[in-house]
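Under my numbering, read the sequence shown as residues 13 to 388, first letter to last.
A short worksheet on the structure shown next.
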Amino acid sequence: MHPIQKDLFSRTSGSDFVKLSLGSKCAILNAFWPHLQLDQSEIVEDEYAVFFDFIGKTLQSLYRHAHRFAAQDLDSLLSDVSDMRTNRDMTRGALTLEIQKRYLNTLETDVARSMELAARLWLGLNVCSRHLSIGPRNGRDSLVDWPDTQSLDEMIAAQFKRRGQVSPDNTSLDDSFTAANLKNICRLRIRWTDNLVDHLKLEGPRGQRSLTIYRHKLSLINHRKGPDPTMIPADILDEALRTLDLLFPFGDPNTDAFLDEEGIQFRIVAFAELPRATETDDFYYWRKNLVALSSLLNGPPETIAQTLLDTRNLAQFATLWVAIFGVFLLTILFGILSTVYSVKQYRVAVKSYELSLVLACQQSSAALPQFCFSRR
């Protein structure tokens, strides 16, 4: 890989990385995933647009804290990635000292901070130990702690809990189980994340729920193509890809429209065809999340708005709206009739008043000059 002498941190990093030359993008991708051995002609820039936008915005957000990082240029950061890959079984403390040899007169904490930044961009995990964390962060994003006594492999494995093979709450997953339906029927707000740990996290009270989805499918595929053992365990990568294929099926018009609206590229086929999941017991890491989503999709509506827009049971949907329109039309009808009869009642009252006035004026003893004279 040829050196990329580009400053990491600037006020315009967000746009700078999106506008990088194809050669520079190719060098970055090959540094992250050297097994791909990509050529510039093999890169579809649209497929990596979100990925480079993520890198640029992350670095731009740290611009004011640039002096707290050992790596100041892109080549140094990519060298950190290479060292972490080579020494993946070394504890974080020992690895920090090893990488520190490349940086003269640099604090150990600054080296560790650069390592965590490199891991964040490379692995798609929000590696951000609390004693090293600086810069802005979203309170809804989970932080991944990397203890000094833990290797990179151990830190990654600790983030994902594998559940038993069989569960009492096994649920079937049919073709209606898509992110588009969860959004349109359950009124879920889809929140995209760059942190695989937060994938499929469901949050919020009834009627105001949000679903977090990992948005870098191509990164998962690139990691999965790596030599065994892959940096992120292969079964975790496979399951994450299966959840994305399940929620965003190929050829579904509603899904395609939603992805186009969001600017997310998921129309990417994995290097090995993965069978479509048919039940939640097909999953070990994200089973609990999928069970909760299935219960939400197949359960009763949580709000009035969901009830009015729920088309899953067409007969019930039609009955509800017929009843609503029936009540609406009856209300209008009775309103019209009430108005008509009110007008008639007013006219009768006026005529009765005029008749009473005429009769009163015909009596000579009536002392009503102010009314009778005015009518003559």
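Beta carbons are placed, not taken as given, at the ideal position from N, Cα and C, and that holds for glycine.
Quick caveat, the model's predicted, so the values are computed rather than measured.
Ignore the nearest five residues each way along the sequence and tell me which others in residue i's own chain have a CB closer than 7 Å to its CB.
i, result
"E291", "N182, T183, S184 and L185"
"F21", "L71, L74, Y75 and A78"
"N234", "W45 and L48"
Kindly indicate which three-state DSSP category residue i falls into: helix, strand or coil?
i, result
"T190", "coil"
"T242", "coil"
"S53", "helix"
"L32", "coil"
"R288", "coil"
"D19", "strand"
"D85", "strand"
"R388", "Model confidence at R388 stands at a pLDDT of 49, short of 50, so the residue's coordinates are unreliable and nothing is read from them."
"V8", "One cannot answer for residue 8 here, as it falls past the ends of the chain, which runs 13 to 388."
"S184", "strand"
"V281", "coil"
"T70", "helix"
"D264", "coil"
"N234", "helix"
"K173", "coil"
"G294", "Per the sequence presented here, residue 294 reads as Asp, with Gly not at that position. D294: helix per DSSP, three-state reduction."
"K195", "helix"
Name the DSSP bridge partner or partners of residue i?
i, result
"S222", "R201 and E215"
"S350", "For S350, which the question treats as bridged, DSSP gives no partner whatsoever."
"T103", "S163"
"V139", "V156"
Have a look at the options and flag the residue whose alpha-carbon is nearest the alpha-carbon of residue i.
i, options, result
"A39", "D28, Q52, A124 and D165", "Q52"
"D19", "S307, L48, I67 and R288", "I67"
"D165", "K237, L119, P241 and R175", "P241"
"T108", "W134, I280 and F81", "F81"
"D160", "A78, T121 and T343", "T121"
"K37", "H235, R175, D65 and S163", "D65"
"Q277", "I225, G26, N301 and H235", "I225"
"F29", "I55, V62 and H47", "V62"
"N207", "L133, G219, C198 and Y353", "L133"
"Y115", "R104, G105, D92 and T98", "D92"
For residue i, which residues from the same chain have a beta carbon less than 8 Å from its beta carbon, with the 5 sequence-adjacent residues on both sides left out?
i, result
"E128", "V139, C140, S141, L144 and W158"
"E274", "I202 and W204"
"R125", "R80, F81, A82, L144 and I146"
Throw me the rounded Cβ distance for the residue i and residue j pair, which I believe falls under 8 Å.
i, j, result
"A169", "P245", "7 Å"
"L200", "T255", "The Cβ separation is near 15 Å, so there is no contact."
"A83", "L89", "4 Å"
"L345", "N193", "About 38 Å; that fails the 8 Å criterion."
"M96", "A131", "7 Å"
"L223", "R236", "Their Cβ separation, rounded to whole angstroms, is 24 Å, which puts L223 and R236 out of contact at 8 Å."
"V209", "Q171", "5 Å"
"R288", "L258", "7 Å"
Against chain B, does residue i count as a neighbour if the rule is that its beta carbon must be under 8 Å from one of theirs?
i, result
"R97", "Among the chains of the structure shown, chain B does not appear; only one protein chain is present."
Got a sec? Which residues, its chain only, sit under 6 Å from residue i by beta carbon, not counting five neighbours each side?
i, result
"S231", "G136"
"F270", "A192"
"R100", "L164 and D165"
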